[in-house]
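Working notes for the structure below.
Residue numbers (my numbering): 8 to 104.
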């Protein structure tokens, strides 16, 4: 009988923790802005490299990916959460030429 109560307690605790994690990931997002170089462009994501050579994969709408060129520098803003890929908020090309 004690094992059954323990299993029910642990199952309930697990569900509560997963619910709290989901709520936390929805409401607490981290915004990042940076000047980056686009390393790879795909149909629904881009890979960027910041000035510290850190690579990040960002989820991008398909309409936008057609306008982004690899090996070009951009000013980007994206949101990160605990679950899923970071999502692009805005992107602007740098005109240094």
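Just so you know, even glycine gets a beta-carbon here, dropped at the ideal spot from N, CA and C.
query, result
"Outcome for residue 93 when other beta-carbon atoms lying within 10 angstroms are tallied against a minimum of 16", "buried"
"Cβ-based burial, residue 85 [other Cβ within 10 Å; buried from 16]", "buried"
"Residues near residue 17 in its chain [Cβ-Cβ closer than 8 Å; skip 5 each side]", "none"
"Nonlocal neighbours in the same chain, by C-beta distance under 6 Å from residue 95, ignoring five residues either side", "65, 67 and 85"
"Selection from 88, 82, 91 and 89 that minimises the alpha carbon distance to residue 102", "82"
"Beta strand (DSSP E) segment containing residue 82, residue limits", "80-87"
"Own chain, CB closer than 6 Å to residue 32, minus 5 neighbours either side, in chain order", "88, 89 and 90"
"Alpha-carbon to alpha-carbon, residue 21 and residue 8", "20 Å"
"Cross-strand partners of residue 32 (DSSP beta bridge)", "None, per the DSSP bridge assignment."
"Beta-carbon separation (whole angstroms), residue 42 vs residue 79, contact threshold 8 Å", "Contact flag wrong, Cβ pair sits at about 11 Å."
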